[in-house]
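Sequence positions in the sequence shown follow UniProt numbering and run 1 to 341.
No residue lacks a Cβ here, since even glycine has one placed at the ideal position from N, Cα and C.
What follows is a short report on a single structure.
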Amino acid sequence: MGSAAQPPIAQPYAVSANVGSAAAAGPVAAAAGTRQPSSPTAFSTERPPTSSSSSSAYYAGHDAHYSQAQARPLPAYAGSGYSGSSAAAAPAPTKSLQERRKTYRCGSDFVLLKSIPTWERYAAQKVPASKEAFFDTNLDLAAKISLWRGDITTLEIDAIVNAANESLLGGGGVDGSIHRAAGSDLRKYCETRFRNGCRTGQAEITPGFRLPASYVIHTVGPIGEKPQLLQSCYEKSLDQAMNANLRTVAFCCISTGVYGYPPVQAAHVALHTTRRWLEANSDLIDRIIFCTFLESDDSIYRQLLPQYFPITQPLTVVPWPPKSGNGKGPRSYSRDAETDY
Numbered sequence: 001m002g003s004a005a006q007p008p009i010a011q012p013y014a015v016s017a018n019v020g021s022a023a024a025a026g027p028v029a030a031a032a033g034t035r036q037p038s039s040p041t042a043f044s045t046e047r048p049p050t051s052s053s054s055s056s057a058y059y060a061g062h063d064a065h066y067s068q069a070q071a072r073p074l075p076a077y078a079g080s081g082y083s084g085s086s087a088a089a090a091p092a093p094t095k096s097l098q099e100r101r102k103t104y105r106c107g108s109d110f111v112l113l114k115s116i117p118t119w120e121r122y123a124a125q126k127v128p129a130s131k132e133a134f135f136d137t138n139l140d141l142a143a144k145i146s147l148w149r150g151d152i153t154t155l156e157i158d159a160i161v162n163a164a165n166e167s168l169l170g171g172g173g174v175d176g177s178i179h180r181a182a183g184s185d186l187r188k189y190c191e192t193r194f195r196n197g198c199r200t201g202q203a204e205i206t207p208g209f210r211l212p213a214s215y216v217i218h219t220v221g222p223i224g225e226k227p228q229l230l231q232s233c234y235e236k237s238l239d240q241a242m243n244a245n246l247r248t249v250a251f252c253c254i255s256t257g258v259y260g261y262p263p264v265q266a267a268h269v270a271l272h273t274t275r276r277w278l279e280a281n282s283d284l285i286d287r288i289i290f291c292t293f294l295e296s297d298d299s300i301y302r303q304l305l306p307q308y309f310p311i312t313q314p315l316t317v318v319p320w321p322p323k324s325g326n327g328k329g330p331r332s333y334s335r336d337a338e339t340d341y
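In C-alpha cells:
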C-alpha cells in the first residue's frame, strides 16, 4: 500500500501446556442492530429464500443438523422455549427450528453455516503457503476451522462465545450486542442461574433466546495480557460446547477491546489453544469459527492462521512460542503484510 513498514509485533508469551482447562469486553464495539460489514472474502453470505416452495428444500439438511444437537440441560426458564432435565447443564430447545426463526431479533437476516467456507477452502484460494509454522499440516483439522468477518449475533449455529464481564449481566462491546440481540430473557436467566457471576478464565452456558445461535457460552477474559487466563477462556468454552454435545461454535476476539489485551498476542493464544484442543477432541466438534468484526482483527487472523493450520506442509516446523528477538519462527504480524492477501 506504499506505507512505511511497521516494526514487528512481539510474539506471545508462553502459556501452560494443559489442554482442557476457561473474558470480558471483546474487541467488537458493535452497536445494537449493526449490520454486518461486507465480507472481505470472495465467498458470498447466503440468505434464506423468501418463497415457501424453495425454503423447504433449502433448509432440509440444515434442520437435520439442529435436530441432532442434544444439549445437556439446565433448569427451564419460563417462556424461554427451552426445557430443563436432570441430565446436566445446558437447556434443550423445545421449539422447532422454524418456530425459533420467527423469534429471531435479526429477523431473516441470519447467516447459515454452509455459507462460511472452511479454512482449508479459504486458504487454498486466498492465502499464500507458509514456509514456517508451529504445526505440521493436518487438513482434517483445517477443515474444522473458519475465519469469518461479520456480526456474530447473526450466526445460526449451535453456540456463539460471548466476551462477558464477571456479572454475566451484559456490558459494552460484543457483550452488550449479544445481550440486546438475545433479549431481556438472557439477563433474567443469568440473574437466576448465576447469582455469583463467573470468574475470570471460566465459562458458563445459557440458551440463546432470540439469537439465531441455540446457545451462548459466556467467558470472562483477563484485563491486560495474562496468557494463561486467556488460554483458559478458550479451553473452558470449548469444553462447555463439548460437554453439551454442541458441534459448531463461533468465537469473538476475547479481551482485546477495553480489556486491553494486545490483539496479535491474543490471536496467538486463541489459535494455539484451539489447535491443541482440536488435536485431542477433533471427533467431538464440526466447526470452530473465529468471528472478527474489525478489519484489523481479520487481517491478524489471516496472517496467523497459516502458522497454526497450514494447508501445505511448511518447510520448517518451529517450537512454540518463538523466543523474542531470536530471528526464528514464523514472521511476526505486519500491517503491510495484509497486501499479500
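- W320 carries a coil assignment under DSSP once its states are collapsed to helix, strand and coil.
- In the three-state reduction of the DSSP assignment, E295 falls in the helix class.
- Of the residues C253, G260, W277, the one whose Cα lies closest to the Cα of A267 is C253.
- If you keep only unbroken alpha helix (DSSP H) runs of at least 4 residues inside the segment 219-272, you get 227-243.
- The count of Cβ pairs closer than 8 angstroms, one atom from the segment 158-165 and one from the segment 204-219, reaches three, so the stretches are in contact.
- By the C-beta density criterion, E191 is exposed, having fewer than 16 other C-beta atoms within 10 angstroms.
- Taking C-beta separations shorter than 8 angstroms and ignoring five residues to either side along the sequence, the partners of L141 in its chain run R275, L278, E279, S282, F309, following chain order.
- Each of K236, D185, K102 was checked against the Cα of V220, and the nearest Cα belongs to K236.
- Between K131 and P314 the beta-carbon gap is near 6 angstroms, inside 8 angstroms, which marks them as a contact.
- Taking every protein chain shown into account, the CB of S108 has fewer than 16 other CB atoms within 10 angstroms, so this residue is exposed.
- Per the coordinates, the alpha-carbon of W320 lies some 17 angstroms from the alpha-carbon of K226.
- Taking a contact to require three or more Cβ pairs closer than 8 angstroms, the segment 147-154 and the segment 282-293 qualify as touching.
- The three-state secondary structure of P306, taken from DSSP, is helix.
- Put simply, the segment 133-148 does not touch the segment 168-182. Fewer than three CB pairs are less than 8 angstroms apart.
- Assignment of S146 by DSSP, reduced to helix, strand and coil, places it in the strand class.
- Within a 10 Å sphere around the beta-carbon of E295 sit fewer than 16 other beta-carbons, which makes this residue exposed.
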